[in-house]
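A.B. asks:
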Amino acid sequence: MEEYIKKFSDKVIELLRNLPQEEITKAIDIIQATYERDGRIYIFGNGGSLALATHWVSDFNKTVFSHHLDKHARRFQAIRLPTTESELTAWANDVGYEMVFAGPLQNYLQDTDTVIAISCSGTSPNIIKAVEVARENKIPVIGLSGFNGGKLNELADAKILVKTEKGEYEAVESVHATILHMITRYFVDYFDHLAENSS
Amino acid sequence: MIITRAPMRISFVGGGTDLEAFYRHSPGRVISAAIDKYAYVTVNRPPLLRHVAARYAIAEAVAHPRELKNDRIREALLHFGIESNVDVVTFSDAPVKTGLGSSSTFSVALMKALLLSQGKKADKGEIAELASHLEINLVKEPIGKQDQYASAFGGINIFQFNPDHSVDVSPVRLDFKQKSNFENHLLLFFTGIARDASSVLTEQKANTDKKLETLKKMADSVYEFRDKLVAQDFEGLGNMLHDGWLLKKTLASKVSNSTIDNLYETGLKAGAWGGKILGAGGGGCVLFMAPVEKKPVIREAMKNAAAAHQLVEFNEIPVRFVQSGAEVLMNNSFNTNFL
Numbered sequence: 023m024e025e026y027i028k029k030f031s032d033k034v035i036e037l038l039r040n041l042p043q044e045e046i047t048k049a050i051d052i053i054q055a056t057y058e059r060d061g062r063i064y065i066f067g068n069g070g071s072l073a074l075a076t077h078w079v080s081d082f083n084k085t086v087f088s089h090h091l092d093k094h095a096r097r098f099q100a101i102r103l104p105t106t107e108s109e110l111t112a113w114a115n116d117v118g119y120e121m122v123f124a125g126p127l128q129n130y131l132q133d134t135d136t137v138i139a140i141s142c143s144g145t146s147p148n149i150i151k152a153v154e155v156a157r158e159n160k161i162p163v164i165g166l167s168g169f170n171g172g173k174l175n176e177l178a179d180a181k182i183l184v185k186t187e188k189g190e191y192e193a194v195e196s197v198h199a200t201i202l203h204m205i206t207r208y209f210v211d212y213f214d215h216l217a218e219n220s221s
Numbered sequence: 003m004i005i006t007r008a009p010m011r012i013s014f015v016g017g018g019t020d021l022e023a024f025y026r027h028s029p030g031r032v033i034s035a036a037i038d039k040y041a042y043v044t045v046n047r048p049p050l051l052r053h054v055a056a057r058y059a060i061a062e063a064v065a066h067p068r069e070l071k072n073d074r075i076r077e078a079l080l081h082f083g084i085e086s087n088v089d090v091v092t093f094s095d096a097p098v099k100t101g102l103g104s105s106s107t108f109s110v111a112l113m114k115a116l117l118l119s120q121g122k123k124a125d126k127g128e129i130a131e132l133a134s135h136l137e138i139n140l141v142k143e144p145i146g147k148q149d150q151y152a153s154a155f156g157g158i159n160i161f162q163f164n165p166d167h168s169v170d171v172s173p174v175r176l177d178f179k180q181k182s183n184f185e186n187h188l189l190l191f192f193t194g195i196a197r198d199a200s201s202v203l204t205e206q207k208a209n210t211d212k213k214l215e216t217l218k219k220m221a222d223s224v225y226e227f228r229d230k231l232v233a234q235d236f237e238g239l240g241n242m243l244h245d246g247w248l249l250k251k252t253l254a255s256k257v258s259n260s261t262i263d264n265l266y267e268t269g270l271k272a273g274a275w276g277g278k279i280l281g282a283g284g285g286g287c288v289l290f291m292a293p294v295e296k297k298p299v300i301r302e303a304m305k306n307a308a309a310a311h312q313l314v315e316f317n318e319i320p321v322r323f324v325q326s327g328a329e330v331l332m333n334n335s336f337n338t339n340f341l
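Just so you know, the protein sequences line up as chains A and B, in that order. First residue of the first sequence? That's 23 in the numbering used here, and the numbers climb one at a time after it. First residue of the second sequence? That's 3 in the numbering used here, and the numbers climb one at a time after it.
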């Protein structure tokens, strides 16, 4: 058992040691720019990735400012898509499963916004469809992918690829969670710094 | 109605190498940062008003865009084939001719708004090229492309202007602490002297062939500036600004004058490591890199020097870097074909 645990954790540690730093920095700059223009951030994924998206939204919208809630009139507007399970099933049932993200995204999307798409394979048709909507509208795309990155990694502006063998969902999603938490932590520290250094 | 805005910029080293007269020989390079001072453009297409109206420092209303006095708005409307039923209104956070790139910033916001009014969206590079085309080819300003790129992209970047007219954009990635440290070591003053970039740049363009080696040196220095910035060596950056300013003064006779020289010397004597005049020269803003604890002394000395020169519009401009470039603040036009 020890051996098994070590093998898995070594794999994740190795991935963490080789994070795509330049691309993560690019993603942070994109989010910073979105905040400055009061834009919104849409985040989505399938299955475990959708759970990551939901988790990140709650952290990002609230925790980033929690040390100085009264000091920041403008906060982040991160929105997980679709926003309700009714929308999810309506698009899936009435139009097709490939529209569950692109459909709701089209309802919301404005010129100031940003998209974060999460897909281990980088090939899920519903993810790619939504990313294409963003690109047609010249909206910046942050792509979190795994395996060989797939089409998502090709299309994204910030190409956060956690490169693994095909099928390593658990390791990829663990590292995606770490990256998303790091982005949250960066902005917690940033806004703390702003609040503590302004009179 | 559409409202866009685009940020102004401060450029550190390499200014002048973005002129085609130079980069057709050898790649030009500039390192600059977008700041939280903006030009705003509003475009409306009133269906019941046939006029072509432009409101900036003055208000114009004419029957056809070719009658407009404002050259940028005139040429932009003609470029897009917009000949009637249009209002263009502009606001600015800073006076013109400060050396913060405000006229190109206006062009960027204008092109973005007009493009959008025709239902077209473009990426940052396309907007920068459109604004450059407007100013350089249509309005025939003797300027380069650095300001249009700095404004369209936002952030801190190295722009490389290639002989084939393409432009490479390399962002300088800093975290929030590095950025705010950098901001804290800068001091920016508007001298109160409105400079005219065109006359300085026309002379500089004519001198380009004689000054190729100087300009190459300036273009090469952007990487050293970036490395010192990442290493947070502010004294080194101050020295580089100073050396760059001395080189720039050799490019054209009107880059500096006795008042500018005196203001600059005042800052150095009060403790600044180095600095430069922003923009083409002849006036505009003066930028210093200084130890944080020397800033109050420098402020005081500069205020006194400006008063002695009777520069009533002299003022400090607080600076914060911004990451977002040209952006849409409002767009409530939508496709009404189905109505």
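Every residue gets a Cβ at the ideal spot worked out from N, C-alpha and C, and that includes glycine.
#1: Run through DSSP, which three-state label would L331 of chain B get?
#2: With burial defined as no fewer than 16 other Cβ atoms inside 10 Å of the residue's Cβ, what is the status of T210 of chain B: buried or exposed?
#3: Among the residues of its own chain, which have a CB less than 6 Å from the CB of D261 of chain B, if the five just before and after it don't count?
#4: So, is N186 of chain B buried or exposed, given that buried needs 16 or more other C-beta atoms within 10 angstroms?
#5: Spell out a yes or no on whether the segment 67-75 of chain A and the segment 90-97 of chain A are touching, meaning 3 or more CB-CB pairs, one atom from each, closer than 8 Å.
#6: Does any residue of chain B have a CB that is nearer than 8 Å to the CB of Q128 of chain A?
#7: Say whether the segment 10-29 of chain B touches the segment 213-226 of chain B, bearing in mind that this needs 3 or more beta-carbon pairs closer than 8 Å, one atom from each stretch.
#8: Please classify P49 of chain B as buried or exposed, where buried requires at least 16 other C-beta atoms within 10 Å of its C-beta.
#9: Could you give the distance in angstroms between the alpha-carbon of A75 of chain A and the alpha-carbon of G165 of chain A?
#10: Run through DSSP, which three-state label would S201 of chain B get?
#11: For a contact defined as C-beta to C-beta under 7 Å, what are the partners of Q325 of chain B on chain A?
#12: Relative to chain B, which residues along the segment 180-200 of chain A have a C-beta separation below 9 Å, given in chain order?
#13: Between F178 of chain B and chain A, is any beta-carbon pair separated by less than 8 Å?
#14: E81 of chain A CB to nearest chain B CB: under 8 Å?
#15: Consult DSSP for V64 of chain B and reduce its assignment to one of helix, strand or coil.
#16: Do you know offhand how far K71 of chain B's Cα is from E62 of chain B's?
#17: Is the Cβ-Cβ distance between L243 of chain B and M304 of chain B less than 8 Å?
#18: Please identify the residue among B:V45, B:D95, B:H167, B:N241 whose C-alpha is closest to the C-alpha of L270 of chain B.
#19: Once DSSP output is grouped into helix, strand and coil, what is the label at F290 of chain B?
#20: Use the C-beta contact count for S71 of chain A: other C-beta atoms within 10 angstroms, 16 or more gives buried, fewer gives exposed.
#21: Assuming V299 of chain B and A272 of chain B form a contact by the criterion Cβ under 8 Å, report the distance between their Cβ atoms to the nearest whole angstrom.
#22: Select from B:E267, B:Q325, B:S106 the residue whose C-alpha is nearest the C-alpha of S134 of chain B.
#23: At the level of alpha carbons, what is the spacing between G246 of chain B and M220 of chain B?
#24: State the CB to CB distance for the pair I158 of chain B and V174 of chain B, rounded to an integer number of angstroms; the pair is presumed to be in contact (CB under 8 Å).
#25: Let me make sure I understand the geometry here. Which of B:F323, B:N317, B:E69 has the alpha-carbon closest to that of G156 of chain B?
#26: What separation, rounded to the nearest whole angstrom, lies between the Cα atoms of T186 of chain A and H198 of chain A?
#27: Would Q148 of chain B and D20 of chain B qualify as a contact pair, given that the criterion is a beta-carbon distance under 8 Å?
#28: On the DSSP letters alone, give me the boundaries of the alpha helix (DSSP H) that G172 of chain A sits inside.
#29: Can you have a look at T111 of chain A and say buried or exposed, based on whether 16 or more other CB atoms are within 10 angstroms of its CB?
#30: Closer than 8 Å by beta-carbon distance: list the chain A residues that pair up with L175 of chain B, in chain order.
#31: N175 of chain A: which of A:S146, A:F82, A:D60 sits nearest, CA to CA?
#32: Chain A beta carbons: is any one of them nearer than 8 Å to that of N333 of chain B?
#33: Which bits of chain B does Y212 of chain A rub up against, with CB to CB less than 7 Å?
#34: Taking the C-alpha atoms as reference points, what is the distance between P224 of chain A and Q120 of chain B?
#35: Helix or strand or just coil, what does DSSP make of I53 of chain A?
#36: Take E77 of chain B and list the residues in its own chain whose beta-carbon comes closer than 7 Å to its own, dropping the five residues that flank it on each side.
C.D. replies: Taking the structure as given:
#1: Taking the first residue of the second sequence as 1, we reach residue 331 of chain B at position 329. In the structure shown, L331 of chain B falls within a strand segment according to DSSP collapsed to helix, strand and coil.
#2: Taking the second sequence and counting its residues from 1, one reaches residue 210 of chain B at position 208. Under this definition T210 of chain B is a buried residue.
#3: Position 259 of the second sequence, counted from the start, is the residue given in the question as residue 261 of chain B. Note on identity: in this sequence residue 261 of chain B is Thr, with Asp being the wrong assignment. The answer, listed in chain order, is H311.
#4: Translated into the one-based positions of the second sequence, residue 186 of chain B becomes position 184. N186 of chain B should be labelled exposed.
#5: no
#6: In the first sequence, residue 128 of chain A corresponds to position 106, counting from 1. With 8 Å as the cut-off, Q128 of chain A does not count as an interface residue toward chain B.
#7: yes
#8: Taking the first residue of the second sequence as position 1, residue 49 of chain B is located at position 47. Classification of P49 of chain B: exposed, given that the 10 Å Cβ count is below 16.
#9: Within the first sequence, residue 75 of chain A is the residue found at index 53, counting from 1. Within the first sequence, residue 165 of chain A is the residue found at index 143, counting from 1. Whole-angstrom Cα-Cα distance: 12 Å.
#10: Within the second sequence, the letter at position 199 stands for residue 201 of chain B. Looking at S201 of chain B - three-state DSSP - the assignment turns out to be helix.
#11: Reading the second sequence from its first residue, position 323 is the one you call residue 325 of chain B. Scanning chain A for C-beta atoms nearer than 7 Å to the C-beta of Q325 of chain B yields D51, Q54, A55, E58, reported in chain order.
#12: Against chain B - using a Cβ distance shorter than 9 Å - the segment 180-200 of chain A contributes no residues.
#13: Stepping through the second sequence from its first residue, residue 178 of chain B is reached at position 176. Yes, contact with chain A.
#14: One-based indexing of the first sequence puts residue 81 of chain A at position 59. Per the sequence shown, the amino acid found at residue 81 of chain A is Asp instead of Glu. Taking Cβ atoms only, chain B never reaches closer than 8 Å to D81 of chain A, which makes this a no.
#15: Sequence index remark: in the second sequence, residue 64 of chain B carries index 62 (1-based). Three-state DSSP puts V64 of chain B in a strand.
#16: On the second sequence, position 69 is the one that residue 71 of chain B refers to. On the second sequence, position 60 is the one that residue 62 of chain B refers to. Taking the straight line from one Cα to the other gives about 8 Å.
#17: Reading the second sequence from its first residue, position 241 is the one you call residue 243 of chain B. Reading the second sequence from its first residue, position 302 is the one you call residue 304 of chain B. In this structure, M304 of chain B does not lie closer than 8 Å to L243 of chain B by Cβ.
#18: For the purposes of this step, residue 270 of chain B is taken as the residue at position 268 of the second sequence. The residue with the shortest Cα to Cα distance from L270 of chain B is B:N241.
#19: Taking the second sequence and counting its residues from 1, the one referred to as residue 290 of chain B is at position 288. Note: F290 of chain B maps to strand in three-state DSSP.
#20: Position 49 of the first sequence, counting from 1, holds the residue named residue 71 of chain A. S71 of chain A should be labelled buried.
#21: Locating residue 299 of chain B in the second sequence gives position 297, where the first residue counts as 1. Locating residue 272 of chain B in the second sequence gives position 270, where the first residue counts as 1. About 5 Å; that satisfies the 8 Å criterion.
#22: Sequence index remark: in the second sequence, residue 134 of chain B carries index 132 (1-based). Comparing Cα positions, the closest option is B:S106.
#23: Counting from 1 along the second sequence, the entry for residue 246 of chain B is found at position 244. Counting from 1 along the second sequence, the entry for residue 220 of chain B is found at position 218. So the alpha carbons of these two residues sit roughly 7 Å apart.
#24: As a position in the second sequence, residue 158 of chain B is number 156, starting the count at 1. As a position in the second sequence, residue 174 of chain B is number 172, starting the count at 1. At roughly 4 Å, the Cβ-Cβ gap stays under 8 Å, so I158 of chain B and V174 of chain B are in contact.
#25: The sequence position of residue 156 of chain B within the second sequence is 154, counting from 1. Nearest of B:F323, B:N317, B:E69 to G156 of chain B, Cα basis: B:F323.
#26: Here residue 186 of chain A corresponds to residue number 164 of the first sequence, with the count starting at 1. Here residue 198 of chain A corresponds to residue number 176 of the first sequence, with the count starting at 1. When rounded, the distance between both Cα atoms is 13 Å.
#27: What you label residue 148 of chain B is simply residue 146 of the second sequence in a count that begins at 1. What you label residue 20 of chain B is simply residue 18 of the second sequence in a count that begins at 1. Contact flag set, yes.
#28: As a first step, residue 172 of chain A is located in the first sequence; it is residue number 150 there, counting from the start. Start and end: 172-177.
#29: Residue mapping note: residue 111 of chain A aligns to position 89 of the first sequence, counting from 1. Exposed.
#30: By 1-based counting over the second sequence, the position of residue 175 of chain B is 173. A quick correction: the sequence has Arg, not Leu, at residue 175 of chain B. Near R175 of chain B (Cβ distances below 8 Å), the residues of chain A are E44, T47, K48, D51.
#31: On the first sequence, position 153 is the one that residue 175 of chain A refers to. It is A:S146 whose Cα lies nearest to the Cα of N175 of chain A.
#32: As a position in the second sequence, residue 333 of chain B is number 331, starting the count at 1. Answer yes: the Cβ-Cβ gap between N333 of chain B and chain A drops below 8 Å somewhere.
#33: For this step, residue 212 of chain A is matched to residue 190 along the first sequence. By Cβ distance, chain B contributes F178.
#34: Here chain A comprises residues numbered 23 to 221, so residue 224 of chain A is not present and cannot be evaluated.
#35: Working through the first sequence from its first residue, we reach residue 53 of chain A at position 31. Helix at I53 of chain A.
#36: Looking up residue 77 of chain B in the second sequence gives position 75. Counting only Cβ-Cβ distances below 7 Å, and skipping sequence neighbours, we find L136, L140, V141.
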